[in-house]
Amino acid sequence: MDKEIIKEIVRSIAHACKEQDCILTGGETSEQPGVIEAGTYILTASIVGVVEKEKIIDGSKIEEKDRIIAVKSNGLHANGYSLIRALIDKNPGILNKKIKGVPFIDVILEPHKCYWKDFSDLFDMEGLNGIAHITGGGIRDNLKRILPDNVDAHIDLNKIKTLPVFGLIKNEGNIDDSEMLRTFNMGAGMVIISKSKTADSIIKNLNTKGCNSYVIGDIAKGSGKVIFENKLNF
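Going letter by letter, the sequence shown gives residues 0 to 233 in numbering that gives the first Met the number 0.
As structure tokens, then:
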């Protein structure tokens, strides 16, 4: 292993932890000649937090008439790269494309936004009933995980502010909307469910921090389903 590269990796992780008020408690470095190719580095990490039991936001308080709020992503958020790699293999010319003047490769490799500092002062707000991180499986699968069995989430796809990169991926790969929604966040990196009376305060709080947020749907009586209405805008 290149010691300078290892030092830079550790320095970078420590810097990222400090930026998000985390403590880097330790780690292990393992060399495995013959198993891992020279020059290849595999990183794994986990974050552990503590919360008072009564303050856990697990979706159990979600109820009819709650509002569904999308919080803007800054790109792919570490999901969909198998599809992207297949697209590049099939159509290498996509690497020459630019999105608002930025090369495609730079757009898809944009580091995942961390929402901790933007969200930290929301947790004491009354009416914050659910939070879903939109990763693999898209909005439907990740939102469904936190829904109680007696309600449905109705999402107006027309209201989602789809990032330009997803339009390019869709067009270049001839990918249908359903697969795009299963694979990517489509511009909604996080989804918040709040009481109707609290929604405006949450949106104002996040927008003040430059964390663009807006209502994309409502909670209604149902059976734990996520229902898409209308079509995405690309």
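Even for Gly, the Cβ is constructed at its ideal location relative to N, Cα and C.
Distance between I12 and L146, taken at the CA atoms: about 34 Å.
Where K220 is concerned, the enclosing beta strand (DSSP E) starts and stops at S212 to K220.
Taken through DSSP and simplified to helix, strand or coil, E51 comes out as coil. For R66, the uninterrupted beta strand (DSSP E) run begins and ends at R66 to K71, by DSSP.
For N90, no beta strand (DSSP E) encloses it, and the DSSP letter there is neither H nor E. Exposure of R10 is indicated by the presence of fewer than 16 other C-beta atoms within 10 angstroms of its C-beta.
S81 and D140 have their C-alpha atoms spaced approximately 18 Å apart. Between C113 and Q31, the C-beta spacing is not below 9 Å. Rounded to whole angstroms, S29 and I5 show a C-alpha spacing of 11 Å. Ranked by how close their Cα comes to the Cα of H76, the residues F183, N170 and I8 have F183 in first place. Shortest Cα-Cα distance from P163 to any of D123, G74 and D217 involves G74. With the rule of 3 Cβ pairs closer than 8 Å, the stretch 191-199 counts as touching the stretch 115-132. The DSSP-derived three-state label of F103 is helix. A distance below 8 Å between beta-carbons, with the five flanking residues on each side excluded, links Y213 to the following residues of its chain, in chain order: I68, A69, K158, K160 and I202. Under DSSP, the beta-bridge partners assigned to K97 are P102. Closest in alpha carbon position to A44, among I56, I35, E63 and T24, is T24. Sequence-distant partners of G38 (beyond 5 residues in either direction) whose C-beta falls short of 6 Å from its own C-beta are missing from its chain.
Straight-line measurement puts the Cα of A152 at about 6 Å from the Cα of K224.
If you look at E7, you'll find it in the alpha helix (DSSP H) that goes K2 to E18.
Burial is judged here by how many other beta carbons sit within 10 angstroms of a residue's own beta carbon; T197 has at least 16 and is buried. The straight-line gap separating the alpha-carbon atoms of G26 and A85 is approximately 34 Å.
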